[in-house]
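Colleague:
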Amino acid sequence: MPHIEPLAGKGLESVRLADARINLWEGSVRSSKTVSSLIRWLKFVREAPPGNLLMTGKTERTLKRNIIDPLVEWLGPARCRLVAGSGELWLLNRRVYVAGANDERAQEKIRGLTLIGAYVDEVSTVPESFWSMLLSRLSLDGAKVFGTSNPDSPAHFLMRDYLSRASLWLDHHGKLLRSAADDRLDLARFSFRLADNPHLSAAYIKALSAEFTGLWRKRFIEGLWVAAEGAIYDMWDEDRHVIDIPPPITQWLAVAADYGTTNPFHAILLGVGAENDEHGMRRDCLYGVSEWRWDSRQKHRQLTDLEYSRHLREWLTTVRFPGTRLHGPIPEYLIIDPSAASFKVQAFQDGWNVADGDNAVLDGIRLVSSLLSAGRLKFSRSGCPAVIGEFPSYSWDDKAARKGEDKPVKINDHGLDATRYGCATSRSLWHSRIPLAA
Ligand SMILES: Nc1ncnc2c1ncn2[C@@H]1O[C@H](COP(=O)(O)OP(=O)(O)OP(=O)(O)O)[C@@H](O)[C@H]1O
Ligand SMILES: [Mg+2]
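Counted the way the working numbering counts, the sequence shown spans residues 21 to 458.
1. Would R213 and A186 be called neighbours here (beta carbons separated by less than 8 Å)?
2. Any chance the region 87-106 sits against the region 41-49, with 3 or more Cβ pairs inside 8 Å?
3. On a Cα-Cα basis, can you pick out the residue from L392, L346, I408 and D433 that is closest to P268?
4. If I follow the unbroken alpha helix (DSSP H) through Y224, where does it start and stop?
5. If we count the other Cβ atoms within 10 Å of its Cβ and call it buried at 16 or more, is E327 buried or exposed?
6. Roughly how many whole angstroms lie between the Cα atoms of H320 and F177?
7. If Q271 sits next to S329, beta carbons under 8 Å apart, how far is it from one beta carbon to the other, in whole angstroms?
8. CB T76 to CB A121, shorter than 8 Å?
9. Going by DSSP, what residues sit across from L74 in a beta bridge?
10. Whole-angstrom Cβ separation of I225 and S400, contact assumed at under 8 Å?
11. Return the CA-CA distance between Y279 and H286, expressed in angstroms with no decimal places.
12. By DSSP's criteria, F166 is part of a beta bridge. Which residues make up the other side?
13. Could you check how far apart the C-beta atoms of V246 and L235 are, in whole angstroms? I think they sit under 8 Å.
14. Given 7 Å as the limit, tell me if V35 has its C-beta closer than that to any heavy atom belonging to ligand 1.
15. Please classify A201 as buried or exposed, where buried requires at least 16 neighbouring CB atoms within 10 angstroms.
16. Suppose you measure from the CA of L290 to the CA of D357; what does that come to, to the nearest Å?
17. Contact between the region 179-194 and the region 65-82 is defined here as three or more beta-carbon pairs at a separation below 8 Å; is this criterion met?
18. Excluding the five sequence neighbours on either side, which residues of its own chain have a C-beta within less than 8 Å of the C-beta of L160, listed in chain order?
19. So the candidates are S152, R41 and W61; which of them puts its Cα closest to the Cα of L112?
20. Taking a contact to mean a Cβ-Cβ separation below 8 Å, would you say F240 touches N296 in this structure?
21. By DSSP, does R278 sit in helix, in strand, or in coil?
22. Which residues does DSSP list as the beta-bridge partners of K398?
23. DSSP state of I130, grouped into three classes?
24. Please report the straight-line C-alpha distance between G403 and W312, rounded to a whole angstrom.
25. Using beta-carbon positions only, say whether V55 and L83 come within less than 8 Å of one another.
26. Return the bridge partner residues of R101 from the DSSP annotation.
27. Between R313 and ligand 1, is the CB less than 7 Å from at least one heavy atom?
28. Check for me: the alpha helix (DSSP H) holding I59 runs from which residue to which?
29. If you draw a straight line from the C-alpha of W110 to the C-alpha of L58, how long is it?
30. Is it the case that the Cβ atoms of N283 and H434 are separated by a distance below 8 Å?
31. Going by the C-beta, is V407 closer than 7 Å to any heavy atom of ligand 1?
32. Would you call the CB atoms of I385 and I288 closer than 8 Å?
33. Between P405 and W416, is the Cβ-Cβ spacing less than 8 Å?
34. Relative to the C-alpha of V35, which residue among E298, F363 and K63 is closest?
35. Quick one: grab the DSSP three-state call for R302.
36. Near R99, what residues of its chain come up, given a Cβ to Cβ distance below 6 Å and the 5 sequence neighbours on each side ignored?
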């Protein structure tokens, strides 16, 4: 953020009102929470009584990328300078400690400290223990903390124990609410939505909104603290996502395999193909062309890694190039879930070009959701019946949601897991041709 314009509207009002012990800007992505909170933080740093200052975030790396680098660019090195390797930042002639919250040393460091002020990037991503310790360190008279967050589950500690107990709330509509009830904290809450950032173009907002669907649309675009419940792929639509014959495949990306010995083993073959849209424009999509599945319980026999590797080869020789009489596509990679170490070794020895599956579950689900919403991921009806059957029933785990965790119920998800690794891990091969906006 090199050129910062003077704040207006909610941003300006939040800076004026942020005078509580705890001050939190929360809401939609890109809604100017960081810019507004930093402007307030700089004012605090300039005026704060003597005492230690801290800036923190999930990791030192994310803090540097999200906050410190833009600050240096914004203020110039004379007013903002990170002293390499020392964990110290010189900001407006004050020394500020810099530490990531995931680091044991950071916990150690703040355990002994008394603080007059702290800035926390993305509060919902720091451990609860770190946050409560931080609050206990802010013991000096006039000590304050300023932080930002995107919405998470309503059961997340930040909503449950803090935001819901604000004594001052500038809400999503810009209404100012105050409460002096007994359970209130000295906490100011500012709820931001995309419309609160006047620096985003309508086209950017449209593209951003299309990128997020389902749960993430509600949280990151609408700025709501909602639980992960119900169907995960609520945008799944057989009419839209299942096709009788895929178009010609221009790139065979990968076979992605969810490995199991007692659980089913599920492999799916993914390729890029082009269809024409209603205006006759070429439109690249990802296609699940064929799948191979071995359920050892159903078949009453477990396969060895060597047998799996051979079966995969045999299966591929039978797969047809869509719309032709030719067989035997050769995909660029075999993507294997990262826990399947022994199978990976075997596959490598058998000459497969092995890639480690990217198993960040929530990021992967978000990616598949975006692809489905944009109509850019489709499955062959005859080629992938099992994974097609898994889509509608894949749901969030209600029990976990009550504890504030977002996670899927682990049943009938082997084809979906393979699809998720497959799409996420091969992303660099297709992302320039397949935009995620609808
Ligand atoms: N006052 C301003 N002047 C110029 N640009 C601004 C201003 N406020 C916000 N922006 C622009 O909007 C972008 C998003 O703002 P900001 O980073 O504060 O959002 P955020 O709510 O923290 O988003 P996220 O949740 O993604 O971290 C900035 O990178 C910047 O480009
Ligand atoms: Mg931010």
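Just so you know, even glycine gets a beta-carbon here, dropped at the ideal spot from N, CA and C.
Modeller: In short:
1. Start at 1 with the first residue of the sequence shown, and residue 213 comes out as number 193. Start at 1 with the first residue of the sequence shown, and residue 186 comes out as number 166. No; because the gap between Cβ atoms is not below 8 Å, this pair is not in contact.
2. no
3. Your numbering for residue 268 matches position 248 in the sequence shown. Among L392, L346, I408 and D433, the Cα nearest to that of P268 is on L346.
4. Sequence index remark: in the sequence shown, residue 224 carries index 204 (1-based). Note, Y224: alpha helix (DSSP H), A222 to E231.
5. Position 307 of the sequence shown holds residue 327. The residue in question, E327, is exposed, as its Cβ has fewer than 16 Cβ neighbours within 10 Å.
6. Here residue 320 refers to the residue found at position 300 of the sequence shown. Here residue 177 refers to the residue found at position 157 of the sequence shown. Each residue's alpha carbon lies about 46 Å from the other.
7. Taking the first residue of the sequence shown as position 1, residue 271 is located at position 251. Taking the first residue of the sequence shown as position 1, residue 329 is located at position 309. That belief does not hold up - the Cβ atoms of Q271 and S329 are roughly 23 Å apart, past 8 Å.
8. By 1-based counting over the sequence shown, the position of residue 76 is 56. By 1-based counting over the sequence shown, the position of residue 121 is 101. In this structure, A121 lies closer than 8 Å to T76 by Cβ.
9. Here the question's residue 74 lines up with position 54 in the sequence shown. Answer by DSSP bridge pairing, in chain order: Y117 and A138.
10. As a first step, residue 225 is located in the sequence shown; it is residue number 205 there, counting from the start. As a first step, residue 400 is located in the sequence shown; it is residue number 380 there, counting from the start. I225 to S400, Cβ: 35 Å. No contact.
11. On the sequence shown, position 259 is the one that residue 279 refers to. On the sequence shown, position 266 is the one that residue 286 refers to. Going by the C-alpha atoms only, they are around 7 Å apart.
12. For the purposes of this step, residue 166 is taken as the residue at position 146 of the sequence shown. DSSP lists N43 and Y139 as partners of F166.
13. By one-based count along the sequence shown, residue 246 stands at place 226. By one-based count along the sequence shown, residue 235 stands at place 215. 7 Å between Cβ atoms; contact.
14. One-based indexing of the sequence shown puts residue 35 at position 15. V35: no, Cβ never under 7 Å from ligand 1.
15. Within the sequence shown, numbered from 1, the residue matching residue 201 stands at position 181. With fewer than 16 Cβ atoms within 10 Å of its Cβ, A201 is classed as exposed.
16. Here the question's residue 290 lines up with position 270 in the sequence shown. Here the question's residue 357 lines up with position 337 in the sequence shown. In a straight line, the C-alpha of L290 is about 15 Å away from that of D357.
17. no
18. Along the sequence shown, one-based indexing puts residue 160 at 140. Closer than 8 Å at the Cβ level, and outside the excluded window around L160, lie P69, G71, T134, L135 and I136.
19. As a first step, residue 112 is located in the sequence shown; it is residue number 92 there, counting from the start. Ranking S152, R41 and W61 by Cα distance to L112 puts W61 first.
20. Within the sequence shown, numbered from 1, the residue matching residue 240 stands at position 220. Within the sequence shown, numbered from 1, the residue matching residue 296 stands at position 276. Not a contact, by the Cβ cut-off of 8 Å.
21. Looking up residue 278 in the sequence shown gives position 258. The sequence given here has Asp at residue 278, not Arg. If DSSP states are grouped into helix, strand and coil, D278 belongs with the strands.
22. Translated into the one-based positions of the sequence shown, residue 398 becomes position 378. For K398, which the question treats as bridged, DSSP gives the partners Y307.
23. What you label residue 130 is simply residue 110 of the sequence shown in a count that begins at 1. Three-state result, I130: helix.
24. Your numbering for residue 403 matches position 383 in the sequence shown. Your numbering for residue 312 matches position 292 in the sequence shown. Rounded to the nearest angstrom, the two C-alpha atoms are 9 Å apart.
25. Locating residue 55 in the sequence shown gives position 35, counting from the first residue. Locating residue 83 in the sequence shown gives position 63, counting from the first residue. No; because the gap between Cβ atoms is not below 8 Å, this pair is not in contact.
26. Along the sequence shown, read from residue 1 onward, the residue named residue 101 stands at position 81. Answer by DSSP bridge pairing, in chain order: W110.
27. Numbered from its first residue, the sequence shown carries residue 313 at position 293. Not under cutoff, so the answer is no.
28. Within the sequence shown, numbered from 1, the residue matching residue 59 stands at position 39. Note, I59: alpha helix (DSSP H), K53 to E67.
29. Position 90 of the sequence shown, counting from 1, holds the residue named residue 110. Position 38 of the sequence shown, counting from 1, holds the residue named residue 58. C-alpha separation (whole angstroms): 15 Å.
30. Within the sequence shown, residue 283 is the residue found at index 263, counting from 1. Within the sequence shown, residue 434 is the residue found at index 414, counting from 1. Against a cut-off of 8 Å, the Cβ pair of H434 and N283 comes out as a contact.
31. The count along the sequence shown starts at 1 and reaches residue 407 at position 387. Answer for V407: no, Cβ out of range of ligand 1.
32. In the sequence shown, the residue the question calls residue 385 occupies position 365. In the sequence shown, the residue the question calls residue 288 occupies position 268. No. Outside cutoff.
33. Against the sequence shown, residue 405 aligns to sequence position 385. Against the sequence shown, residue 416 aligns to sequence position 396. Not in contact: P405 and W416 (Cβ atoms no closer than 8 Å).
34. Here the question's residue 35 lines up with position 15 in the sequence shown. Closest by alpha carbon: K63.
35. Here the question's residue 302 lines up with position 282 in the sequence shown. The answer is strand: DSSP assigns R302 an E or B state.
36. Position 79 of the sequence shown, counting from 1, holds the residue named residue 99. For R99, where only same-chain residues beyond five positions count, the Cβ hits under 6 Å are L112.
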